[in-house]
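Participant:
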Amino acid sequence: MSNTDLLGFRIRSLWQQIKRLMNRHLTENDGYGLTGMQFAIVSYIAKESATRDVFQKDLEQKFDIRKSTVTGILNTMERDGLLLRETVPYDARLRKMMLTDKALQAKKNSEQVIDTVESQLSKGLTEEEITTFLSILEKISKNAES
């Protein structure tokens, strides 16, 4: 079996293709320069902050990325005026993530792009194939945790 036939290699390769496709569409369609990961973070914070404070640790866990990676992304987003980090009154060590109006507008502008990319990725697939694929991905993900 060649390296390009290995499951892990194929998944990584597919992820790179999807990331490039998403970033290209976001850039072309006035996504305020958001990357796919920034869009995911903005969406997550927007949803979760309606009911609770969201912290960097939440992003690390949700997206399964390292602290240093999240720090870099958040620093860039803060520099670009997409988010603010504010200390919470009950623990001075914690800083909650707060989206700016610019981030909320970028999210709104980018949602159509995400729908377009999802449609492109699922073109020619039946609902059953998508369900099966997602089930297999979940099993592979659990295997990777072991």
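Per full-length UniProt numbering, residue 1 is the first one in the sequence shown, and the count goes up by one each step. All C-beta atoms, glycine included, are put in the ideal place defined by N, C-alpha and C. Source: prediction; values computed, not measured.
#1: Pick helix, strand or coil for D115, following the three-state DSSP scheme.
#2: Should I73 go down as buried or exposed, given a rule of 16 or more other Cβ atoms within 10 Å for buried?
#3: My understanding is that L21 touches A106, with C-beta atoms under 8 Å, so please give their C-beta distance in whole angstroms.
#4: Pull up the DSSP beta-bridge partners for V88, would you.
#5: Please determine if the segment 94-103 and the segment 37-56 are in contact, where contact requires at least 3 C-beta pairs separated by less than 8 Å.
#6: Would the beta-carbon of K19 be found less than 7 Å away from any heavy atom of the ligand NAP?
#7: Within the continuous alpha helix (DSSP H) that includes V42, where are the two ends?
#8: For L137, count neighbouring C-beta atoms within 10 Å of its own C-beta (all shown protein chains included) and say buried if the count is 16 or more, exposed if not.
Facilitator: Looking at the atomic coordinates:
#1: Residue numbering aside, residue 115 sits at position 115 when the sequence shown is read from its first letter. Correct three-state label for D115: helix.
#2: In the sequence shown, the residue the question calls residue 73 occupies position 73. Burial is judged here by how many other beta carbons sit within 10 angstroms of a residue's own beta carbon; I73 has at least 16 and is buried.
#3: In the sequence shown, residue 21 corresponds to position 21, counting from 1. In the sequence shown, residue 106 corresponds to position 106, counting from 1. A Cβ-Cβ distance of about 18 Å is found for the pair L21 and A106, leaving them out of contact under the 8 Å criterion.
#4: Translated into positions along the sequence shown, residue 88 becomes position 88. DSSP, once it has assigned bridges, lists D91 as partnering V88.
#5: Yes, the segment 94-103 touches the segment 37-56.
#6: Looking for the ligand NAP in the displayed structure turns up nothing, as the structure carries no ligands at all.
#7: One-based indexing of the sequence shown puts residue 42 at position 42. That run of the alpha helix (DSSP H) goes 36-48.
#8: Counting from 1 along the sequence shown, the entry for residue 137 is found at position 137. By the 10 Å Cβ count, L137 comes out exposed.
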